[in-house]
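Residue numbers (my numbering): 442 to 556.
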Amino acid sequence: QVQLVESGGGLVQPGGSLRLSCAASGMLFSVYLMGWYRQAPGKQRELVATVTGGGSTNYADSVKGHFTISRDNAKNTVYLQTNNLKFEDTAVYYCYATNARQNYWGRGTQVTVSS
């Protein structure tokens, strides 16, 4: 049974940083494309960033330069380092995994940027 468990969200002031983690289990982690999505109140879920098993990354234009996705295949974990957070980064952040045949989602972790 595949499980994705996010952690690391919280309340942060504008300009602050958070490191989100997603621990995966029940899957051959290294072959999965991993990603982070987010959903703000009243908005559709949107892609934030993805990373392949080999470490190639892709980012939404809105987070380029201040978010970094990475993975540790030995720990079955994917990370999202969020820097210089802005009010508009407030959302529930979801971990995502796909091997092109099956898709899996975590339950999400809340990130709130507020002064």
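Where is the CB? At the ideal position from N, CA and C, for every residue including glycine.
Report the partner residues of residue i according to the DSSP bridge assignment.
i      : result
Gln444 : Ser466
Leu452 : Thr553
Asp502 : None; Asp502 has no bridge partner.
Phe508 : Thr523
Asp513 : Thr518
Arg542 : Paired residue(s): none; Arg542 is not in a bridge.
Measure from the alpha carbon of residue i to the alpha carbon of each residue in the options, then state which is nearest.
i      : options                           : result
Gln444 : Tyr537, Gly456 and Ser466         : Ser466
Leu526 : Ser503, Thr518, Asn499 and Ala541 : Ser503
Ala532 : Asn544, Asn499 and Tyr478         : Tyr478
Thr491 : Tyr520, Lys516 and Gln480         : Tyr520
Can you give the Cα-Cα distance for residue i and residue j, rounded to whole angstroms?
i      : j      : result
Gly547 : Phe528 : 23 Å
Arg512 : Ser556 : 31 Å
In this structure, does DSSP put residue i in helix, strand or coil?
i      : result
Val492 : strand
query: Does the region 480 to 489 come close enough to the region 454 to 472 to have 3 or more Cβ pairs within less than 8 Å?
result: Under the Cβ criterion (8 Å, minimum of three pairs), the region 480 to 489 does not count as touching the region 454 to 472.
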